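Structure first, commentary second.
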Amino acid sequence: MERSSLQFGNWRLVALCACALVAGSAARAAERVELANGFSMRCDHHALVDGTIRLYADAGSENFIEIAPASVVRFERLPEQPRASAEALPQNGARQAMPQAGSRQSALDRRQLQPMLAAAGREHDLDIDLLASIVEAESANHPGAVSRAGAEGLMQLMPGTAQSLGVANAFAPEENVHGGAAYLDWLLERYHENLALALALAAYNAGPAAVDRWHGMPPYRETRLYVARVIHLFNQRVRERRERLADSRAALGSGQ
241 MERSSLQFGN WRLVALCACA LVAGSAARAA ERVELANGFS MRCDHHALVD
291 GTIRLYADAG SENFIEIAPA SVVRFERLPE QPRASAEALP QNGARQAMPQ
341 AGSRQSALDR RQLQPMLAAA GREHDLDIDL LASIVEAESA NHPGAVSRAG
391 AEGLMQLMPG TAQSLGVANA FAPEENVHGG AAYLDWLLER YHENLALALA
441 LAAYNAGPAA VDRWHGMPPY RETRLYVARV IHLFNQRVRE RRERLADSRA
491 ALGSGQ
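In the numbering used here, the protein residues as written are 241 to 496.
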């Protein structure tokens with residue numbers, strides 16, 4: 241079993257977690273939850289149900305995540321707050337990468353990406369669909385993509401980050417993917433326990449310093465939307481994978 245599925249369990253809850261984190265940037269966010277692991281998040285409201293605490297993303301009762309009471313230090317009521325302004329956005333957040341001028345590399349299709357994603361996933365014990373979702377969100381599968389902030393390649397590595405990971409050429413697809421997977425692996429270890437995936441993705445987008453500074457999800461709307469988009473893409477890929485597996489099993493059963 242891959243570490244991602246073992247560590248994060250029910251991916252539906254992770255998706256709802258992303259909803260809650262995105263909702264934290266809107267005026268409806270009414271509570272700040274301080275977690276025992278040193279991080280925090282925002283939610284609309286909470287309730288104790290069958291011995292677990294439910295954190296709700298909105299005023300309804302459908303979108304929530306469940307956490308153990310021991311994971312919570314305290315709840316704090318918050319006044320309504322406007323969305324973060326554009327000036328508050330980090331320079332390297334929501335990079336909106338575009339193909340490099342003069343680049344002859346076209347976007348890669350799933351068949352081309354699959355081998356390098358599989359190799360990187362095996363090396364760092366990461367779900368292939370998670371890596372594919374990040375590549376799609378970061379660069380739209382374009383190996384020559386460059387962001388406004390200077391992030392490069394399929395997984396949008398900043399030059400300094402690429403150098404520290406031993407990536408000599410960020411525009412070489414396999415090098416970039418292995419570097420990005422190594423970086424994500426490190427971030428997942430750094431933000432273990434509660435909300436590990438969401439915080440790791442936020443740090444991938446806005447930088448670990450931003451997550452550490454805010455002791456949780458940064459109040460940057462574009463970063464929160466990025467996290468939600470990657471998790472949405474990942475859940476979509478997981479559903480498709482399960483449907484293909486079910487169809488395959490059905491076809492084998494009908495052939496017997």
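Idealized CB from N, CA, C, for every residue including glycine.
Bear in mind that the values here come from a model prediction, so they are computed numbers and not experimental data.
| query | For Ala372, which residues of its own chain have a beta-carbon under 7 Å away from its beta-carbon, when the five flanking residues on both sides are left out? | reply | Here residue 372 is taken as the residue at index 132 of the sequence shown, counted from 1. Excluding sequence neighbours, Ala372 sits near Leu353, Leu357 and Arg477.
| said: Could you tell me which whole alpha helix (DSSP H) segments of length 4 or greater appear in the region 409-481? | reply: 413-430, 436-446 and 448-454
| message | From the DSSP secondary-structure annotation, give me the bridge partner or partners of Glu316. | response | Here residue 316 refers to the residue found at position 76 when the sequence shown is read from its first residue. Paired residues: Arg272.
| Ala402 by DSSP, collapsed to three states: which one? | Working through the sequence shown from its first residue, we reach residue 402 at position 162. Reduced to three states, the DSSP call for Ala402 is helix.
| Cα-Cα separation between Glu480 and Asp349, rounded to whole angstroms | By one-based count along the sequence shown, residue 480 stands at place 240. By one-based count along the sequence shown, residue 349 stands at place 109. When rounded, the distance between both Cα atoms is 17 Å.
| Quick check: the region 458-467 against the region 441-448, are there 3 or more CB pairs under 8 Å? | yes
| DSSP beta-bridge partners of Met515 | Within the shown structure, residues of the chain are numbered from 241 to 496, placing residue 515 beyond reach of any answer.
| said: Closer than 8 Å to a non-hydrogen atom of the ligand MN - does that hold for the CB of Ala408? | reply: This structure simply doesn't include the ligand MN, nor any ligand for that matter.
| field | Opening and closing residue of the beta strand (DSSP E) in which Ala287 lies | value | Numbered from its first residue, the sequence shown carries residue 287 at position 47. Element bounds for Ala287: His285 to Val289.
| message | Can you look up Ala380 in the DSSP assignment and give me helix, strand or coil? | response | For the purposes of this step, residue 380 is identified with residue 140 of the sequence shown, where counting begins at 1. Reduced to three states, the DSSP call for Ala380 is coil.
| field | Those residues which DSSP pairs with Arg282 across a bridge | value | Counting from one through the sequence shown, the residue named residue 282 turns up at place 42. According to DSSP, which records beta bridges pairwise, Arg282 is partnered with Arg272.
| task | Assess, as a yes-or-no matter, whether the region 387-405 is touched by the region 413-425 under the definition of 3 or more beta carbon pairs within less than 8 Å. | result | yes
| request: Kindly list the residues whose CB is nearer than 7 Å to the CB of Arg314, restricted to its own chain and excluding five residues on each side of it in sequence; keep chain order. | output: Counting from 1 along the sequence shown, the entry for residue 314 is found at position 74. The residues are Glu274.
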